[in-house]
Amino acid sequence: MSEFSFTLIFTLPENGQNPEQWIEALGAQGCDDALVGVGVTGRIALNFIREASDAKLAVVSAIQDVKRIIPGTALVEVMPDLVGLTDIAELLGFSRQYIRKVMVSREAFPQPVHDGKTAIWHLEPVLRWMRETGVSKVPLPLVELSAVTRQCNLQRELASLDRNMQKQLGKL
């Protein structure tokens, strides 16, 4: 068994209930391994440290638990997935400057999914690359977790897309 640390963000059902009520219900019904926050109106965030045999089981069981306890909730995001240089540095215990140096000095550093004022990457390819190139001894459970969180977020996004357009674009 390994411990997996991840965050789930959900929308709350629009029934006018006080979101504080969910905190006690979550703790009593199987999510006592999460810190719960309701600071953003209409949202609930749960920072889990869940013990499981693998990352997929940890994340999927947590999502199922929350959906069972809070009917009508919808998953917004699973983290860590979309990250900047600072996020990568914090996760691995390096300085941002070191991660930036690694990024600019190596041609094969994974491409960002967004390259605007602040570049954003999916965490999984960055961790895999760092492991494979020997830049960092990234723990395998963290790599596995990043793969699961990425898949969850991509699946959620795909579910909201137009199927006909998906088929057309898939042929490109």
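Counting with this note's numbering, you get residues 34 to 205 for the letters of the sequence shown. Think of the CB as a built atom: it goes at the ideal place given N, C-alpha and C, for glycine as much as any other residue. Here the structure is a predicted model, which is why all the values come from computation and not from measurement.
(1) Taking the Cβ atom as the reference point for each residue, do PHE179 and ASP114 lie within a distance shorter than 8 Å?
(2) Among residues of its own chain, excluding the 5 on either side of ALA168, which ones have a beta-carbon nearer than 6 Å to its beta-carbon?
(3) For ASP33, list the residues DSSP reports as bridge partners.
(4) I'd like the ranges of any beta strand (DSSP E) spanning at least 3 consecutive residues and lying wholly in the stretch 77 to 118.
(5) Buried or exposed: VAL181, going by 16 or more other Cβ atoms within 10 Å of its Cβ?
(6) State the DSSP-derived secondary structure class of SER179, mapped to helix, strand or coil.
(7) For SER35, write down the residues that DSSP places opposite it in a beta bridge.
(8) Whole angstroms is fine: what's the gap from ALA91's alpha carbon to GLY203's?
(9) When the distance is taken between beta carbons, is PHE81 closer than 8 Å to PRO174?
(10) Does the ligand HEM have even one heavy atom less than 7 Å from the beta-carbon of VAL135?
(11) Can you tell me whether PRO155 is buried or exposed? The criterion is at least 16 other CB atoms within 10 Å of its CB, across all chains shown.
(12) Of the choices ALA58, PHE43, ARG101 and LYS100, whose alpha-carbon is the least far from that of ALA78?
(13) Mapping the DSSP letters down to three states, classify LEU173 as helix, strand or coil.
(14) What does DSSP give as the partner residue(s) for THR40 in the beta ladder?
By the coordinates alone:
(1) Looking at the sequence provided, one finds Ser at residue 179 rather than Phe. Going by C-beta atoms, SER179 is nearer than 8 Å to ASP114.
(2) Note that residue 168 is Val in the sequence shown here, rather than Ala. Same-chain partners within the cutoff: VAL135.
(3) Residue coverage of the chain in this structure runs from 34 to 205, which leaves residue 33 outside it and unanswerable.
(4) Complete beta strand (DSSP E) runs here, min 3: 107 to 112.
(5) By the neighbour-count rule (16 or more Cβ atoms within 10 Å), VAL181 is buried.
(6) Per DSSP, reduced to three states, the secondary structure at SER179 is helical.
(7) ALA85.
(8) Using only the alpha carbons, I get a separation of about 31 Å.
(9) Pairing PRO174 with PHE81 gives a Cβ-Cβ distance that is not under 8 Å.
(10) For the ligand HEM, the structure offers nothing, since it holds no ligand at all.
(11) Correcting the residue type first, residue 155 is His in the shown sequence and not Pro. Buried: at least 16 other Cβ atoms inside 10 Å.
(12) Check the Cα spacing between ALA78 and each of ALA58, PHE43, ARG101 and LYS100: the tightest is with PHE43.
(13) Looking at LEU173 - three-state DSSP - the assignment turns out to be helix.
(14) Its beta-bridge partners are ASN80 and MET112.
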